[in-house]
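Numbering (the working numbering), first residue to last: 461 to 1287.
For each residue, glycine too, the CB sits at the ideal point set by N, CA and C.
All figures in this text were calculated on a predicted structure; none of them were measured in a lab.
The structure under discussion appears below in the form of structure tokens.
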Amino acid sequence: AFDGARAPFFTWFAGAQTNAAFNECDRHVLAGHGCEKAFVTVLLEAFSEHVARPGTLAAACPSISRRQLLHQSVVAAYVLRACGVARGDRLILLMPHCIEQMVWMLAAKRIGALYVSMSVNISLKALSNRMNDCGARLVLTTTAVGPNGASLKSMVSRAIAELVPVSIVMDVVQHQLVAAAEAKLGAGRLGLKNAPAELSEALKQTFASETTVDLQQVTSKLEMAFSLDPTLRGATAEIAAELQERIYREYMATTAPKVLVVGSLDNPAGAMSHSTSHRQMVPIGSGTNLESLGADALHSPPLGAPLAAAAKHASLAAAATLSMTHLWADAEAALLQATGLASAVSLMELPDPQLVAALWRLVPPMPLASSHPLLIIYTSGTSGFRPRGLVCDTGGYCSGLARTMRLAFDVRPADVVLVDASPSWITGQSYGVAGPLLCRATSVFVPPGELVDDDLPAFLAAVVLELGVTVFKASASFFKRLARHKCRLAWLRQQKLSDSLRVVTSCGEPLNPELHYIASCVLCPNFINSYWSTEHGAICLSHPYGNADAPLRRNSHMRPMPWVQAQVWLPLNPEPPHKFVAAEPIASEFGGGSKKGRLVITQPWPAMMRTIWGDLEAFGTEAWAGDLEQFRAMYWSSFVDDEGQRVAAFDLGDLGRRWPDGSFTVIGRSPEVIKVNGKNIGAAEVEGAILKERRLRSGSPVLDCLVVGVNWHEGGMAPVACLILQIGQQLTEDLVARLKHLVQLEHGDAWVPMDMLHVTAIPRTHNGKAMRQVVQRLFSGKFPGDVSEMSNPECLIDLQSAIEGWRAQASVSGLESKAAPPYDPYR
461 AFDGARAPFF TWFAGAQTNA AFNECDRHVL AGHGCEKAFV TVLLEAFSEH VARPGTLAAA
521 CPSISRRQLL HQSVVAAYVL RACGVARGDR LILLMPHCIE QMVWMLAAKR IGALYVSMSV
581 NISLKALSNR MNDCGARLVL TTTAVGPNGA SLKSMVSRAI AELVPVSIVM DVVQHQLVAA
641 AEAKLGAGRL GLKNAPAELS EALKQTFASE TTVDLQQVTS KLEMAFSLDP TLRGATAEIA
701 AELQERIYRE YMATTAPKVL VVGSLDNPAG AMSHSTSHRQ MVPIGSGTNL ESLGADALHS
761 PPLGAPLAAA AKHASLAAAA TLSMTHLWAD AEAALLQATG LASAVSLMEL PDPQLVAALW
821 RLVPPMPLAS SHPLLIIYTS GTSGFRPRGL VCDTGGYCSG LARTMRLAFD VRPADVVLVD
881 ASPSWITGQS YGVAGPLLCR ATSVFVPPGE LVDDDLPAFL AAVVLELGVT VFKASASFFK
941 RLARHKCRLA WLRQQKLSDS LRVVTSCGEP LNPELHYIAS CVLCPNFINS YWSTEHGAIC
1001 LSHPYGNADA PLRRNSHMRP MPWVQAQVWL PLNPEPPHKF VAAEPIASEF GGGSKKGRLV
1061 ITQPWPAMMR TIWGDLEAFG TEAWAGDLEQ FRAMYWSSFV DDEGQRVAAF DLGDLGRRWP
1121 DGSFTVIGRS PEVIKVNGKN IGAAEVEGAI LKERRLRSGS PVLDCLVVGV NWHEGGMAPV
1181 ACLILQIGQQ LTEDLVARLK HLVQLEHGDA WVPMDMLHVT AIPRTHNGKA MRQVVQRLFS
1241 GKFPGDVSEM SNPECLIDLQ SAIEGWRAQA SVSGLESKAA PPYDPYR
């Protein structure tokens, strides 16, 4: 079942075939469970109605049964095929977190197409980069309005109209520059013999770090270059415009994706509103009948007058957009013809097994190799560098999810699972979509971060109690938001959510013991930490449900899943590759943990990501292994043995401790370690000590904090804490002294922050992770880096202003003179 011949490109269940859509949907309907709810969407309007009339939430939430989901996804699969999408093609889904999105995901899985789910907060540049990186053939989007006030459809159109792949720019300049110049100046000796190569090289250096580039930037660079050549100076703008047109036409004729605008379940050819119930739809009118165009129309640019302006490029991009009006109707007609039934009503009246047989006549689930790529998911971008596309396979990923759902959360058929994460994040994709479907549970979707903190406790209580949620999973930042108001926590505890909840778990970043304690008291006694990452594919460390041999304690300790071989290694040299020794727990009556070291995995398991997406030319052949060189270098090459030979160990740079009882604690990432006078200080540990203020002091003004290392003292580093305070509160000397004293008591003098400053917000990714390195670069006076994955980029202006103000006032002598006096608890 395991083939490691091309390690670390591992193959699991070699020779086996499966289909994710069949395992997630078809088999449950075949077994007679078609009437069970698969997904439920909680709408803000429904919650508002519940506030006015308690007890109305469940009835007001849209839902879809398993048999409805199967029917809709089969019709959607037919539409995808009509669009020319085949096994191995890539789709991008830019849609709100809603039931309709699930339909198209299952449709892609059914026919073996790979999909990439995008956050509606994604930037224009990041969207363009993803489309180019994965080689998307089709983008599925809606007319719903995104967080920036523009429709998602218009965002996709702009990405296609304004940004083109750098590779196409280079190719056109290299091979069509002379033709473009002669088209404007006439044939003859133009002195351009070496110009194409020189100009291409200059552009390559200019856009070296870019995947896609704005056409206007390209035109500006071309005009500047042409103005330096006396032969071309008189026609600089004309030649640049001609090249721009050729670049865009080449893009539209080769790699530009088509766009399919989809609607709701009630009206698939209609418009979708992100802020309404998805039931009130406005038809978008007739569109292009793709059947009359043929599959080749996907990459055929529309004919028309020569283009020379960005507005006309937008027209080309708009012409690449397909309408659902005829496509969905044709698919439904084909289904009735294949089944010989008179209407969709007759079809849905069939018993579950007969319904499955009828739907299979239109689009049966395609048998796929277990190792067939299922989806591409991009890393969160917490480092501020460009996210990487990671590839999940089919058999290994699905089997890993099903196993962890049962082992860690005890998920059973008919359970109701609430995951506060969208499918653009691995947690939402794995435990909000695929995991519940595989285990025959119902998954609940909630609005993505639209609730203010004051409403959060009431909203959570209503959803859990009225919908009967039994398993709840959210990021650490969610629990931080929840814990901001003690009076509301007391109210939430009185609601007795544990009467419904059986398991609650956090993920995304280390959860400090204080928050763990609060959550276990307020939400559910069975509150567990879970550790994993996008690269792990499924939960790595958690707590096996109901394990009497390892009773759950109110701390942040976690245990490896049975198939996970985890260790803590101590690097012996500062630069990779590292020689190492294994960290051993310290035997003591207090059960002391090991030294802090790198948390590594010494054996792979089926659910792990197979590779980094890449090598598109070889995709679909047996030789394809993605960007295996980068995958190996990034994750599997950190350590060597005493002879210098590479040791196969999966390393994300996360830091942890191992404990005598076999459990682990995760402290943070190695880039989050601050080296102070030879001591390695974990930023997350300092944050945990500061946040103790909330439990120890009633009415504490501290809401959240982020600790980063700042270069100081002849190249050394010192911790600085950024604090978010209650509205109207100030960062007083007394508060700073109290917080420093807490850190000193917890960890010692070396860990005490050099200084603290008041900020209004902490930059976070769409999945709630703090972008620590972005903040650290701002402290260093550097550009913040790639912020396309940031959910709140508007905070950067205020944050940069606060940091610049701090840097202007701070100096070595000034800080030393401002050192807080010893804390007097009686003051």
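Quick check on the burial criterion: 16 or more other C-beta atoms within 10 angstroms. Buried or exposed for residue i?
i	result
L920	buried
L566	buried
R1058	buried
N972	buried
D1215	buried
Q1027	buried
H1135	First, the amino acid is wrong: residue 1135 is Lys here, not His. That one is exposed.
Q814	exposed
S680	exposed
N1171	exposed
A604	buried
C485	buried
L688	exposed
M684	exposed
H1241	Residue identity check: residue 1241 is Gly in the sequence provided, not His. G1241 comes out exposed.
So what does DSSP say about residue i, is it helix, strand or coil?
i	result
K664	helix
H1218	strand
P1120	coil
P625	strand
S617	helix
L1199	helix
H738	Low confidence applies to H738: its pLDDT is 36, below 50, so where it sits in the model is not reliable enough to give any reading.
Q1105	coil
N1015	coil
A1268	helix
S980	helix
I744	Confidence at I744 is low in this model, with a pLDDT of 24, below 50, so its placement is unreliable and the value that follows should be read with caution. Three-state result, I744: coil.
A604	coil
D880	coil
I999	coil
R941	helix
W1029	strand
I1187	coil
S1158	coil
N989	strand
G855	helix
How big is the Cα-Cα spacing for residue i and residue j?
i	j	result
F404	Y1005	What the structure shows of the chain is the stretch from 461 to 1287, and residue 404 is not part of that stretch, so it cannot be assessed.
R1154	V982	15 Å
M591	L600	12 Å
F1243	R1237	7 Å
I1046	S1123	13 Å
P1011	H1017	11 Å
I886	S525	24 Å
S1251	P690	48 Å
S746	A713	For S746, the pLDDT reaches just 28, beneath the cut-off of 50, and the residue's location in the model is therefore unreliable, although a value from the coordinates is still provided. Roughly 25 Å separates the two Cα atoms.
F482	P824	9 Å
L758	S831	Low confidence applies here, because L758 scores a pLDDT of 36, under 50, leaving its location unreliable and the question unanswered by this model.
W992	A881	15 Å
G544	P1066	31 Å
S752	L551	Interpretation of S752 is limited by its pLDDT of 32, a score under 50 that renders its predicted location unreliable; the figure taken from the coordinates is listed afterwards. Cα-Cα distance, rounded: 22 Å.
D875	G494	15 Å
A1043	D1114	14 Å
Could you tell me how far apart the beta carbons of residue i and residue j are, in whole angstroms, since I believe they sit closer than 8 Å?
i	j	result
P970	V1126	5 Å
S990	C967	5 Å
Please find out if some non-hydrogen atom of the ligand MG comes closer than 6 Å to the beta-carbon of residue i.
i	result
C1165	Here there are no bound small molecules, and the ligand MG is not part of this structure.
Quiz item: Would you say the region 865-883 touches the region 601-618, given that touching needs at least three Cβ pairs under 8 Å?
Solution: Verdict: no, contact absent.
Practice problem: Could you tell me whether the region 972-988 touches the region 940-953, where touching means 3 or more Cβ pairs closer than 8 Å? | Solution: yes
Quiz item: Is the region 982-999 in contact with the region 949-963, if contact means three or more CB pairs nearer than 8 Å?
Solution: In the pairwise beta carbon analysis, the region 982-999 is classified as touching the region 949-963: at least three pairs are separated by under 8 Å.
Practice problem: Taking 8 Å as the threshold, find out whether the region 502-516 comes into contact with the region 919-936 through three or more Cβ pairs. | Solution: The region 502-516 is in contact with the region 919-936.
Self-check item: Contact between the region 491-503 and the region 467-475 (3+ Cβ pairs under 8 Å)
Solution: Flag = no, the region 491-503 and the region 467-475 do not touch.
Quiz item: Should the region 787-798 be called in touch with the region 523-539, which here means at least 3 C-beta pairs below 8 Å?
Solution: Cβ pair count under 8 Å is three or more, so yes.
Exercise. Assess, as a yes-or-no matter, whether the region 1159-1171 is touched by the region 1181-1190 under the definition of 3 or more beta carbon pairs within less than 8 Å.
Key: yes
Practice problem: Take every Cβ of the region 579-586, pair it with every Cβ of the region 703-712, and state whether three or more of those distances are shorter than 8 Å. | Solution: Verdict: no, contact absent.
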